[in-house]
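Participant:
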Amino acid sequence: MKQAIYIFLICLLTALPLAAQDDTCPYLECCYTSQAKFNALNKDKVNQDEWALRIAKDCAEFYSVWHRTHKSLKDSIFGSGGSLEDWYAAREKVLCPPSTNSEALYKDYPAQGKLVYVRKIFSTLYQYEETYERPAWQVKTEKKDIMGYACQKATADFRGRTWIAWFAPEVPVMEGPWKLHGLPGLILEAYDAEDDYHYTCIELKRLQGEKPIRVPQKKYVKCDRKELDKLLSTYENNPNDYMKLQGLPMAYKVQSDGTLTTKLYDDMQYNPIERE
11 MKQAIYIFLI
21 CLLTALPLAA
31 QDDTCPYLEC
41 CYTSQAKFNA
51 LNKDKVNQDE
61 WALRIAKDCA
71 EFYSVWHRTH
81 KSLKDSIFGS
91 GGSLEDWYAA
101 REKVLCPPST
111 NSEALYKDYP
121 AQGKLVYVRK
131 IFSTLYQYEE
141 TYERPAWQVK
151 TEKKDIMGYA
161 CQKATADFRG
171 RTWIAWFAPE
181 VPVMEGPWKL
191 HGLPGLILEA
201 YDAEDDYHYT
211 CIELKRLQGE
221 KPIRVPQKKY
231 VKCDRKELDK
241 LLSTYENNPN
251 DYMKLQGLPM
261 AYKVQSDGTL
271 TTKLYDDMQY
281 NPIERE
């Protein structure tokens with residue numbers, strides 16, 4: 011499998027007939043497991059997920075497989091007139107767990123050097139566009155094997171965290187999980203120095219006949235990255251603070267003494283992947 015992917019990439023990157031397709035159609039998919047510690051006050055609680063990095067010649071897409079699987083099923087059921095009960099019954103048969111990671115990243119899109127980020131908070135879809143910033147990597151001498159690939163270590167300070175990445179020169183793709191990219195080989199593992207966020211490749215496969223990468227046509231609230239980070243932090247710390255900002259009805263929790271409170275979570279301090 012490893013050799014087949016290597017030969018496929020060489021053929022594609024040297025523009026042999028195998029590559030005769032739309033340059034925004036993904037030809038390679040890297041699947042990662044992830045571990046994230048969203049609560050700075052309780053790092054024993056770890057959120058797990060599975061992500062897909064789909065790579066085309068001119069762009070790439072990164073999203074939660076678990077979230078998209080459940081969303082696609084839900085949209086299909088309700089789109090065909092199904093009921094809430096139908097949805098509950100169908101999701102019990104889905105092999106992967108549900109996920110709250112609704113974000114998707116479109117890299118080198120809509121043009122080279124640009125990145126589009128979309129995310130849902132409660133019922134609102136947000137979108138921002140930014141420069142696809144390349145971390146200032148320092149390549150190290152250390153090496154280790156990941157899935158049969160000889161990987162080399164690199165480090166970079168990026169958006170308030172120190173990142174450690176292991177990239178595979180045998181896979182000549184300058185991409186990686188989340189916003190990490192720019193190394194001379196596909197990043198197969200990446201984590202920050204505190205290990206709050208950790209991505210590990212579990213599968214690498216070639217694709218053929220895939221649809222072009224596109225941002226879904228939805229009604230988005232356009233914003234910038236820091237505006238969205240602030241809204242997300244507000245929501246994660248206490249959803250009712252976000253609901254109040256949006257003029258939406260708030261939820262209440264019954265306390266041990268029988269009184270009601272709008273503070274839904276105790277001891278929650280959102281731990282963002284980007285700190286600056």
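Convert by adding 10 to the 1-based position in the sequence shown; the result is the number in our numbering. Beta carbons: idealized from backbone N, C-alpha and C, even for Gly.
Taking the alpha helix (DSSP H) that residue 155 belongs to, which residues open and close that run?
Facilitator: Counting from 1 along the sequence shown, the entry for residue 155 is found at position 145. First-last for residue 155: 148-156, but that is the beta strand (DSSP E), not the alpha helix (DSSP H).
Participant: Leaving out five residues on either side along the sequence, give the residues of the same chain with a beta carbon under 6 Å from the beta carbon of residue 166.
Facilitator: Looking up residue 166 in the sequence shown gives position 156. The answer, listed in chain order, is 145, 146, 147 and 173.
Participant: From what residue to what residue does the alpha helix (DSSP H) around residue 285 run?
Facilitator: In the sequence shown, counting from the first residue as 1, residue 285 sits at position 275. Run containing residue 285: none; DSSP gives neither H nor E here.
Participant: Only counting the same chain, and skipping five residues up and downstream in sequence, which positions put a Cβ closer than 8 Å to that of residue 153?
Facilitator: Locating residue 153 in the sequence shown gives position 143, where the first residue counts as 1. So the list reads 160, 161, 162 and 163, once near-sequence residues are dropped.
Participant: Report the partner residues of residue 188 according to the DSSP bridge assignment.
Facilitator: Counted from its first residue, the sequence shown places residue 188 at position 178. None, per the DSSP bridge assignment.
Participant: Just reading off the beta strand (DSSP E) that residue 223 is part of, what are its end residues?
Facilitator: Residue numbering aside, residue 223 sits at position 213 when the sequence shown is read from its first letter. It is not in any beta strand (DSSP E) - residue 223 carries neither H nor E in the DSSP assignment.
Participant: Is residue 143 helix, strand or coil when you go by DSSP?
Facilitator: On the sequence shown, position 133 is the one that residue 143 refers to. Residue 143 carries a coil assignment under DSSP once its states are collapsed to helix, strand and coil.
Participant: Quick one: complete beta strand (DSSP E) runs, 3+ long, within the segment 100-130?
Facilitator: 114-117
Participant: With a 10 Å radius around its C-beta and 16 neighbouring C-beta atoms as the bar for buried, classify residue 21 as buried or exposed.
Facilitator: Start at 1 with the first residue of the sequence shown, and residue 21 comes out as number 11. Below a pLDDT of 50, predicted positions are generally treated as unreliable, and residue 21, at 47, falls in that range; no measurement from the model is reported.
Participant: What are the residues that DSSP puts in a beta bridge with residue 231?
Facilitator: Counted from its first residue, the sequence shown places residue 231 at position 221. In the DSSP assignment, residue 231 is bridged to 136.
Participant: Report all residues from its chain with a CB closer than 8 Å to the CB of residue 279; omit the five preceding and five following residues, and keep chain order.
Facilitator: The sequence position of residue 279 within the sequence shown is 269, counting from 1. For residue 279, where only same-chain residues beyond five positions count, the Cβ hits under 8 Å are 49, 50, 51 and 247.
Participant: Please specify which runs of the alpha helix (DSSP H), each continuous and at least 4 residues long, are wholly inside the segment 235-265, giving them in chain order.
Facilitator: The qualifying runs are 235-247 and 249-255.
Participant: Name the residue from 114, 142, 139 and 120 whose alpha carbon lies nearest to the alpha carbon of residue 289.
Facilitator: Past the boundaries of the shown model lies residue 289; the chain is included only from 11 to 286, so the question cannot be answered.
Participant: Pick from 199, 76 and 286: whose alpha carbon is nearest that of residue 212?
Facilitator: What you label residue 212 is simply residue 202 of the sequence shown in a count that begins at 1. Per the C-alpha coordinates, the member of 199, 76 and 286 positioned closest to residue 212 is 199.
Participant: Count the CB pairs spanning the segment 86-103 and the segment 52-62 that are closer than 8 Å, and state whether there are at least three.
Facilitator: no
Participant: Taking only the alpha-carbon atoms, compute the straight-line gap between residue 56 and residue 75 and give it to the nearest angstrom.
Facilitator: For the purposes of this step, residue 56 is taken as residue 46 along the sequence shown, with counting starting at 1. For the purposes of this step, residue 75 is taken as residue 65 along the sequence shown, with counting starting at 1. Cα to Cα, the separation comes out at about 18 Å.
Participant: Where DSSP assigns a beta bridge to residue 202, which residues make up the other side?
Facilitator: If you number the sequence shown from 1, residue 202 lands on position 192. Paired residues: 173.
Participant: Beta-carbon within less than 6 Å of residue 263's beta-carbon, same chain only, minus the 5 sequence neighbours each way: which residues are those?
Facilitator: Position 253 of the sequence shown, counted from the start, is the residue given in the question as residue 263. If we look at residue 263 and ignore the five residues flanking it on each side, its Cβ neighbours are 271 and 274.
Participant: Under 8 Å by Cβ, that's how I've got residue 68 and residue 34 pegged, so tell me the actual separation to the nearest angstrom.
Facilitator: Start at 1 with the first residue of the sequence shown, and residue 68 comes out as number 58. Start at 1 with the first residue of the sequence shown, and residue 34 comes out as number 24. The Cβ separation is near 6 Å, so the contact holds.
Participant: Should residue 112 and residue 80 be called a contact, given that it needs their Cβ atoms to be closer than 8 Å?
Facilitator: Residue mapping note: residue 112 aligns to position 102 of the sequence shown, counting from 1. Residue mapping note: residue 80 aligns to position 70 of the sequence shown, counting from 1. Not in contact: residue 112 and residue 80 (Cβ atoms no closer than 8 Å).
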